[in-house]
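Student: Order-wise, the sequence lines are chains Y and C.
Each residue of the first sequence is one higher than the last, beginning at 738 in this note's numbering.
Each residue of the second sequence is one higher than the last, beginning at 207 in this note's numbering.
Ideal Cβ positions, reconstructed from N, Cα and C, are used throughout, including at glycine.
None of these values were measured; they are calculated from a predicted model.
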Amino acid sequence: MSTEKKDNSAILIRNLVKKFEDITAVDELNLEIKQGELFGLLGPNGAGKTTTINILSGLLEPTKGTGLVRGFDVTKDQQKIKSLIGLCPQKAAVFNFLTGRENIELFGNLHSIAKKDLEERIEILLEKLELVEASKRQAKGYSGGMLRKLNLIIALINDPQIAFLDEPTVGLDPRARRATWEFIRSLKKKDKTIILTTHYIEEAEALSDRVGIIDYGKLIALGTPKELMRKYKTKNLEEVFLKITGRRILEGI
Amino acid sequence: MKLQSLKALIKLEFKKLIRQPAILFLNLLFPAVLTIVFLFAFSDPELGMDLSFVVPGLIVYAVIFIIMTVAQSFSAERQEGLLKRLSTTPMTSSEFMGSRIITQLLIAVIQVIIVVALAFILGFRPVGGIEGVFLALPITAIFSLSSVGLGLITATISKTPEAATGISFIFILPQMFFGTFIPITETTRQIATFMPSYYLLDSLRLIFEGNWMDQRIFTNLIILSVVSIVIIIIGIVLFGKYGKK
């Protein structure tokens, strides 16, 4: 039986493969993410970023290989893993007939958070993401930006040790995107491990301690943004991707 | 099973019932409207369709429609990514399914009360006394399990909520024709015995006729319990295995 790792590893992936019939979405992926690290998984659409996150959060079974979250096996210890993680899915998944606050309360209750703690966390998160007033209304009337904020709050209501943020800023206007970046940085200060998938180069560069560039399910580059730019003698990560693959990340979108 | 999760999920279901007009209509307003329309327009003692014939049929009819609402609800939540999201929490499958079953049982009970209360206002005076409703409630609740199970099977084979609406009629129509308020002949009765609704209808008629102690009610109850439990287990297993994707 697995036990929570005492070392500094939050995520450990070994030879991970995920196939959907004849398509290989994740191909022999090896990766280690440290506790407290803000790790950016960068790549074009369909590169295998979401599939990797879904495997780590127990939504998908790997075809082959192992994935450990704080030492717990993703195929065997799902219940334990679910209490450690928060997943912000790419498409905002909220109950549109509930108010924003009711949505958050629901997920807080499913994480068995005590009523008083839950109320406090809701207030803090709503204020930080400027959703206090909107939270009183049913989510069906929310703008795209409000839905993404609510989506993010729900993912973090259990104060997870590890947060999987799957394209958290897609569809946000520049101001809201910057505000979300600040919020994500504030999580890092609380020693949370954050795995951020994005196809926005500037987002990966601005936020990530380290970046893993993924393409066709394979990890093709790994390091800090500066290390990667230095190694490939480029000015940004887009050029790193271009040098390795001969394509631009945004071409795949 | 954690009580906090279960309570939160049941609360969610009742908010869905109250705040989503289509679900509210199908579950509560539809039985009420149907009762009023049938009792005014179609109850005709000369055709054998007096109130004591129509009312049990209306109760069965209302509960059969749980198939559609369950199928729509599950397939919509799957399509919107909500089932996936819920499954990233420590919530267990038994808490999730348990909350849905409890809610539907309660809805079935409310449906019986609505139909009987409206029928009573419109002149329905069962021979066995109105207190027969207390025996009708648990039997109807057991039958509702089969509707939940059939709803889950429907959601498993439907890709979208729209498809679920159409496919649910595969299970609704036979039970409607062979086990509600449509008079059946001896030949069609043989077919009807293959429908769970037949056993509820027969029991309700016996109850409202005052035959509370009739052995057939007990037999029907056993058949209904076994059939409903088998159907709901099949529904849960199929949906768990194939329906969440």
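1) Would you verify that the beta carbon of Y/F844 is, or is not, closer than 8 Å to some beta carbon of chain C?
2) Would you please state the rounded distance, in angstroms, between the beta carbons of Y/L868 and Y/I890? I believe it to be under 8 Å.
3) Could you check the C-alpha separation between Y/S739 and Y/E870 for me, to the nearest Å?
4) Is Y/A916 helix, strand or coil by DSSP?
5) Do you know offhand how far Y/G989's Cα is from Y/R912's?
6) Chain C partners of Y/L933, CB-CB under 7 Å?
7) Compare the C-beta of C/S350 against all C-beta atoms of chain Y and say whether one is closer than 8 Å.
8) When the distance is taken between beta carbons, is Y/D946 closer than 8 Å to Y/N769?
9) Under 7 Å: does the beta carbon of Y/K925 sit that close to some heavy atom of the ligand FAD?
10) Where does Y/A851 land, buried or exposed, given buried means 16+ other C-beta within 10 angstroms?
11) Given C/E368, which residues of its chain have a CB within under 7 Å of its CB, disregarding the five upstream and five downstream residues?
12) Mind listing the chain C neighbours of Y/H936? Cutoff is C-beta to C-beta under 9 Å, in chain order.
13) Across which residues does DSSP place Y/A900 in a beta bridge pair?
14) Under 8 Å: do the region 279-299 of chain C and the region 331-351 of chain C share three or more Cβ pairs, one atom per stretch?
15) Got a sec? Which residues, its chain only, sit under 6 Å from Y/Y957 by beta carbon, not counting five neighbours each side?
16) Residues of the region 277-298 of chain C in Cβ contact with chain Y at a cutoff of 8 Å, in chain order, please.
17) Tell me, please, whether the CB atom of C/V443 is closer than 8 Å to any CB atom in chain Y?
18) Between Y/T812 and C/R331, what straight-line distance do the alpha-carbon atoms span, to the nearest angstrom?
19) So is Y/D814 in contact with chain C if we call contact Cβ pairs under 8 Å?
20) So, is C/S299 buried or exposed, given that buried needs 16 or more other C-beta atoms within 10 angstroms?
21) Could you tell me which chain C residues have their CB closer than 9 Å to the CB of Y/K828, listed as they occur along the chain?
22) Does any residue of chain Y have a CB that is nearer than 8 Å to the CB of C/S305?
23) Can you pull the DSSP bridge partners for Y/I750?
24) Alpha carbon to alpha carbon, how far is C/L209 from C/E301?
25) For the region 412-439 of chain C, which residues have a CB atom closer than 9 Å to at least one CB atom of chain Y, in sequence order?
26) Below 8 Å on C-beta distance, what does C/L218 contact in chain Y?
27) Mapping DSSP to helix, strand and coil, what is Y/G954?
28) With DSSP as the reference, label Y/T789 as helix, strand or coil.
29) Identify the contact partners of C/Q226 in chain Y, using a Cβ-Cβ distance below 8 Å as the criterion.
30) Using a Cβ-Cβ cut-off of 8 Å (strictly less than) and excluding sequence neighbours within five positions of Y/P799, which residues of its own chain qualify?
31) My guess is that Y/G881 and Y/G908 are in contact by the Cβ rule of under 8 Å, so how many angstroms apart are they, rounded?
32) So, Y/L863 versus Y/A876, is the Cβ gap smaller than 8 Å?
33) Between Y/F749 and C/I440, what straight-line distance do the alpha-carbon atoms span, to the nearest angstrom?
34) Please say whether C/T360 and C/V318 have beta carbons closer to each other than 8 Å?
35) Identify, in the order they occur along the chain, each residue of the same chain with its Cβ nearer than 8 Å to the Cβ of Y/K757, setting aside the five sequence neighbours on each side.
Tutor: The structure says:
1) Yes, because at least one Cβ of chain C sits closer than 8 Å to the Cβ of Y/F844.
2) Right, the Cβ-Cβ distance comes to about 7 Å (below 8 Å), so this counts as a contact.
3) Residue placement at Y/S739 cannot be trusted, given a pLDDT of 47 that sits under 50; the coordinates are not used to answer.
4) Helix, per DSSP.
5) Note that Y/G989 scores a pLDDT of 45, beneath 50, so its modelled location is shaky; the value from the coordinates is reported in the next line. Whole-angstrom Cα-Cα distance: 25 Å.
6) Here the premise fails: no neighbours, minimum Cβ distance about 17 Å.
7) No, no contact with chain Y.
8) This sequence places Glu at residue 769 of chain Y; Asn is not what is there. Their beta carbons are not under 8 Å apart, which means Y/E769 does not touch Y/D946 by this criterion.
9) With respect to the ligand FAD, the structure shown offers nothing to examine, as it has no ligands at all.
10) By the 10 Å Cβ count, Y/A851 comes out exposed.
11) Within its own chain, no residue has a Cβ closer than 7 Å to the Cβ of C/E368 once the five positions on either side in sequence are excluded.
12) What Y/H936 touches in chain C: nothing, since even the nearest Cβ is about 19 Å away.
13) Residue pairing of Y/A900 in beta bridges, as defined by DSSP: Y/G823 and Y/I931.
14) No: the two stretches stay apart, fewer than three of their Cβ pairs being nearer than 8 Å.
15) According to the sequence displayed, residue 957 of chain Y carries Ile and not Tyr. Here the set comprises I950 and I981.
16) Cβ contacts with chain Y come from E286, G287, L288, K290, R291, L292, S293, T294, T295, P296, M297 and T298.
17) By this cut-off, C/V443 is not an interface position.
18) Going from the Cα of Y/T812 to the Cα of C/R331 covers about 60 Å.
19) No, its Cβ sits nowhere closer than 8 Å to a Cβ of chain C.
20) The Cβ neighbour count for C/S299, taken over all protein chains shown within 10 Å, is under 16; the residue is labelled exposed.
21) Within chain C, E286 and G287 have C-beta atoms less than 9 Å from the C-beta of Y/K828, given in sequence order.
22) Not flagged as an interface residue toward chain Y: C/S305, since no C-beta distance is shorter than 8 Å.
23) BP columns for Y/I750 point to Y/L768 and Y/G804.
24) Just so you know, the alpha carbons of C/L209 and C/E301 end up roughly 9 Å apart.
25) Under the 9 Å Cβ criterion, the region 412-439 of chain C contributes no residue.
26) Residues of chain Y whose Cβ lies closer than 8 Å to the Cβ of C/L218 are, in chain order, F832, L835 and L843.
27) Taken through DSSP and simplified to helix, strand or coil, Y/G954 comes out as coil.
28) Residue state for Y/T789 is assigned as helix, using DSSP reduced to three classes.
29) Below the 8 Å Cβ cutoff, chain Y contributes F834 as neighbours of C/Q226, in chain order.
30) Only L753, V754, K755, V763, I792, V811 and T812 meet the Cβ criterion.
31) Contact flag correct, Cβ pair sits at about 5 Å.
32) In this structure, Y/L863 keeps its C-beta atom at 8 Å or more from the C-beta atom of Y/A876.
33) This sequence places Leu at residue 749 of chain Y; Phe is not what is there. Distance between the alpha carbons of Y/L749 and C/I440 is about 38 Å.
34) The answer is no: Cβ separation not under 8 Å.
35) Per the sequence presented here, residue 757 of chain Y reads as Phe, with Lys not at that position. Result list for Y/F757: empty, nothing under 8 Å.
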